[in-house]
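Engineer: Mind having a look at this structure? Questions to follow.
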């Protein structure tokens, strides 16, 4: 097993820096404003139905996940909003199963 570096000035890791992340978030928020006039967090039920459409197979996958995890309808709606945001960050129109799976990972652990 490799030993962790103890250098005081470690080499920067590959990935986004703060400015790049801020720009990415700003683009996603602009995209949301153009599409629906508000952030994804504020979508109501008709807005969810209109802007968070899934393919038939992804919709079935989400239903199965919600049943297995015993998620409420409200939790499923929050999950869709997070998945929509993840798709916006990637600058894609369609929410994919990968977005749904990642959104599930951000749920708080059951206590």
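Residue numbers (our numbering): 5 to 115.
Just so it is clear, CB atoms sit at the ideal spot from N, CA and C, and this is done for glycine as well.
Taking only three categories from DSSP, how would you classify residue 44?
Structural biologist: For the purposes of this step, residue 44 is taken as residue 40 along the chain shown, with counting starting at 1. Helix.
Engineer: Identify which residue in 22, 113, 108 and 21 has its Cα closest to the Cα of residue 66.
Structural biologist: Taking the chain shown and counting its residues from 1, the one referred to as residue 66 is at position 62. For residue 66, the nearest C-alpha among the options comes from 108.
Engineer: Is residue 89 buried or exposed, if buried means 16 or more other CB atoms sit within 10 Å of its CB?
Structural biologist: Position 85 of the chain shown, counted from the first residue, corresponds to residue 89. So residue 89 ends up on the buried side.
Engineer: Tell me, to the nearest whole angstrom, how far the beta carbon of residue 28 is from that of residue 93; I am working on the premise that it is less than 8 Å.
Structural biologist: On the chain shown, residue 28 is found 24 positions in, with the first residue counted as 1. On the chain shown, residue 93 is found 89 positions in, with the first residue counted as 1. About 6 Å separates the Cβ atoms of residue 28 and residue 93, confirming a contact at the 8 Å cut-off.
Engineer: CA-CA distance, residue 76 and residue 33?
Structural biologist: Within the chain shown, the letter at position 72 stands for residue 76. Within the chain shown, the letter at position 29 stands for residue 33. So the two alpha carbons sit approximately 27 Å from each other.
Engineer: Who are the Cβ neighbours of residue 97 in its own chain at under 8 Å, not counting the five residues just before and after it?
Structural biologist: Numbered from 1 along the chain shown, position 93 holds the residue referred to as residue 97. Correct list, in chain order: 91.
Engineer: DSSP three-state call for residue 73: helix, strand or coil?
Structural biologist: Reading the chain shown from its first residue, position 69 is the one you call residue 73. In the structure shown, residue 73 falls within a coil segment according to DSSP collapsed to helix, strand and coil.
Engineer: Please tell me whether residue 36 and residue 26 are closer than 9 Å, where the distance is taken between their beta carbons.
Structural biologist: Numbered from its first residue, the chain shown carries residue 36 at position 32. Numbered from its first residue, the chain shown carries residue 26 at position 22. It is not a contact, given that the beta carbons lie outside the stated cut-off.
Engineer: So, under 8 Å CB-CB, residue 99 and residue 70 are touching, yes? Tell me the CB distance rounded to an integer number of Å.
Structural biologist: Locating residue 99 in the chain shown gives position 95, where the first residue counts as 1. Locating residue 70 in the chain shown gives position 66, where the first residue counts as 1. No, residue 99 and residue 70 are not in contact; Cβ-Cβ is about 15 Å, not under 8 Å.
Engineer: Buried or exposed: where does residue 58 fall if 16 or more other Cβ atoms within 10 Å of its Cβ makes it buried?
Structural biologist: Counting from 1 along the chain shown, the entry for residue 58 is found at position 54. By the 10 Å Cβ count, residue 58 comes out buried.
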